Amino acid sequence: MTITARKLLAIALLGASLAGCGSDPATAPRKDKSAPSAPAPAAAPGTVSAPTMAPGPGGITPVFDRAPKNPRGEKVVALTFDADMTADQGPRAAGGEHFDNPALIADLKRMKVPATLFMTGRWAKEYPAEARAIGTDPNFEIGNHSYSHYAFKADCYGLPVVPKDRTRADVEKATAQFKKAGVQNAVPYFRFPGGCYDDEVLRTLTPLKMTAVQWDVVSGDAFAKDANAVAEQVLAGVQPGSVVVMHCTRSAAPVTDAALQRIVPELRKRGYRFVKVSDLIRSAAQH
């Protein structure tokens with residue numbers, strides 16, 4: 427199966443299950459390539475100071491998907507992991523399904539790989555001790571992935587859709603859940619469930635002063651059974667400044683940790699350094 431075919435298969439499975447979100451946007455993402463980065467605003471309660479991008483056209487929420495190549499040719503890449511759980515998956519968790527992946531987090535720490543996790547509020551509610559442990563570890567930063575993991579735009583891979591008048595409240599509910607769990611290193615970044623958005627929802631979220639974070643490398647780890655195939659897809663796609671989307675949910679992405687055992691050493695062999703999304707945005711502002 428070609429890389430493109432694997433991407434499409436992962437996207438289809440991901441949307442159908444309502445358990446993951448590492449898919450390409452339903453519509454071509456609006457990219458604010460010309461928008462310069464802005465200094466970090468004063469941190470809101472429960473967040474840490476982190477650089478954000480300047481607002482997009484008309485002042486709407488800016489979108490970041492990768493850093494431009496810097497003049498020094500530095501090879502940096504950000505691995506991001508979505509901690510997904512939808513609002514209605516409590517019974518599945520109670521029945522023994524694991525939406526967390528503590529072994530993956532432990533391996534990231536062991537391999538000294540900093541990372542950005544995009545966490546749903548429902549995940550933080552289900553696993554408050556893990557959310558707190560990740561959210562107080564300096565290796566990691568926590569971005570907002572909504573509370574319910576419902577889509578913010580119609581026709582998003584079968585995901586239920588948050589009512590338009592509830593989108594801001596859904597994001598704010600996730601932030602409140604992080605604070606309740608004791609997350610200290612939350613950053614003002616937001617990732618849309620399914621990667622689906624439009625200008626209307628970007629305008630709706632503008633008052634939150636967040637940067638929407640997409641990606642340029644799809645790992646294909648959603649429901650994958652072949653760790654080597656996931657590793658190959660990542661290694662084939664990474665370029666300096668890339669943002670890779672992966673998952674830290676055992677039930678939805680069971681081979682991600684195994685794939686990392688190949689991805690991390692190989693990228694380091696190629697001269698790459700692992701950074702957080704905040705580091706990429708900060709670097710983009712300097713060049």
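Residues in the sequence shown are numbered consecutively from 427, following our numbering. All C-beta atoms, glycine included, are put in the ideal place defined by N, C-alpha and C. Note that this is a predicted model, so its numbers are computed, not measured.
Taking 8 Å as the cut-off, the beta carbon of G561 is found no closer than this to the beta carbon of F507. Runs of the beta strand (DSSP E) spanning 3 or more residues and lying entirely within the segment 610-691 occur at 612-616, 637-639 and 668-673, in chain order.
For the pair V681 and A650, the CB atoms are nearer than the 8 Å cut-off. D591 sits in a helix when the DSSP states are folded into three classes. Per DSSP, G569 is one residue of the beta strand (DSSP E) stretching across F566 to N570. Taken in chain order, the complete beta strand (DSSP E) segments of 3 residues or longer contained in the segment 508-578 are 541-545 and 566-570. Nearest neighbour of V639 by Cα position, chosen from A657, S645, P619 and D647, turns out to be P619. Under the Cβ criterion (8 Å, minimum of three pairs), the segment 656-675 counts as touching the segment 488-496. By the neighbour-count definition (other C-beta atoms within 10 Å, threshold 16), P488 is a buried residue. Apart from the 5 residues on each side of it in sequence, V597 sits with its Cβ closer than 7 Å to the Cβ of N570, S572, F616, L631 and L634 in its chain, given in chain order. Counted as a single uninterrupted DSSP element, the beta strand (DSSP E) harbouring R699 occupies residues R699 to V701. Residues P666 of the same chain have their beta carbon placed closer than 7 Å to that of E500, with the five preceding and five following residues left out of the count.
T487 carries a coil assignment under DSSP once its states are collapsed to helix, strand and coil. In the DSSP assignment, V503 is bridged to S668 and F700. Of all alpha-carbon atoms in P586, V627, T637 and A550, the one lying nearest the alpha-carbon of K599 is that of A550. Separation of the CB atoms of E552 and N611 is rounded to 20 Å, and the pair is thereby denied contact status at 8 Å.
Within 10 angstroms of the beta-carbon of E556 lie 16 or more other beta-carbons, which makes it buried. With respect to the C-alpha of I486, the residue from M511, G697, L628 and R699 having the closest C-alpha is L628.
With contacts defined by Cβ atoms closer than 8 Å, K702 and A541 form a contacting pair. When the beta-carbon positions are compared, T637 and T478 come within less than 8 Å of each other.
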